[in-house]
Amino acid sequence: DAKTTQPNSMESNEEEPVHLPCNHSTISGTDYIHWYRQLPSQGPEYVIHGLTSNVNNRMASLAIAEDRKSSTLILHRATLRDAAVYYCILRDSPGNQFYFGTGTSLTVIP
Amino acid sequence: EAGVTQFPSHSVIEKGQTVTLRCDPISGHDNLYWYRRVMGKEIKFLLHFVKESKQDESGMPNNRFLAERTGGTYSTLKVQPAELEDSGVYFCASSQTQRVSTDTQYFGPGTRLTVL
């Protein structure tokens with residue numbers, strides 16, 4: 032069911048930028064790209080979303096490839112609190128389902 | 076503003092028993108979703124309510140699962156009778172907008188269900 036492919040795990044040093052990749056080669060024109068993360072023992076939380084253009088918010092940036100077949104979540108300065116599983120999710124309209132996939136487990140090294 | 080709450084946080088029951096999970100969405104959120112992660116698998120969508128109506132229940136695994144949202148406020152998910160493979164974490168989420176493709180879903184902490 033999952034429409035996205037992500038690396039199972041990544042590591043980053045604290046206070047360095049992190050680039051989390053996601054491939055979604057079967058994306059359709061109406062699919063939005065959402066990123067959520069799940070901290071240990073918590074439910075998933077929203078990070079960012081976009082359709083075609085790159086997006087920035089206080090948590091992260093989302094870079095979307097021109098052909099939309101891939102995207103990258105950028106954490107500008109990783110902190111220990113950013114250690115989580117990051118999910119890249121496609122959400123179509125008018126569909127309702129989130130396809131979570133396996134996500135990327137990010138480890139931040141002090 | 077209170078977030079999405081779920082009760083109980085953990086439930087341990089025996090195979091064949093009944094369990095009811097409850098989700099209280101953020102006040103004013105019309106959309107309510109149920110998801111679950113069974114052991115070692117991905118988080119899977121179960122169903123989506125818009126107010127009290129089931130908009131999409133295509134993810135419900137079988138007729139042992141019954142979800143309700145009477146009055147369009149809180150929701151319950153009943154499993155009857157529970158089987159071993161139902162063990163996992165059940166998440167509830169809510170969102171506000173009508174444009175479901177862009178809305179932000181706010182997740183609760185989950186209910187961990189263990190069926191022995």
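Protein chains in written order, with this note's numbering: chain H, 32 to 141; chain R, 76 to 191.
Glycine included, C-beta positions come from ideal geometry on N, C-alpha and C.
| Item | Value |
| --- | --- |
| Check the DSSP bridge columns for H/Q69 and list the partner residues they point to. | H/V116 |
| Can at least three beta-carbon pairs, one atom from the region 91 to 98 of chain H and one from the region 131 to 147 of chain R, be found at a separation below 8 Å? | no |
| Only counting the same chain, and skipping five residues up and downstream in sequence, which positions put a Cβ closer than 7 Å to that of H/S56? | K100 |
| Between R/V87, R/R187, R/S170 and R/V190, which lies nearest to H/E76 when the distance is taken from Cα to Cα? | R/S170 |
| Could you give the first and the last residue of the continuous beta strand (DSSP E) run that contains R/T186? | T186 to V190 |
| I'd like the span of the beta strand (DSSP E) that includes R/R97, first residue to last. | V94 to D99 |
| Taking the alpha-carbon positions, what's the H/A114 to R/A142 distance? | 33 Å |
| In angstroms with no decimal places, state the Cα-to-Cα distance between H/N44 and H/Y130. | 29 Å |
| Cβ of H/V86 within 8 Å of Cβ of H/L104? | no |
| If you run the structure through DSSP and keep just helix, strand and coil, what is R/G134? | coil |
| Locate the beta strand (DSSP E) running through H/S92, then write down its first and last residues. | S92 to I95 |
| Rounding to the nearest angstrom, what Cα-Cα distance links R/Y108 and R/H123 in this structure? | 4 Å |
| Buried or exposed, going by whether 16 or more other CB atoms sit within 10 Å of the CB of R/S133? | exposed |
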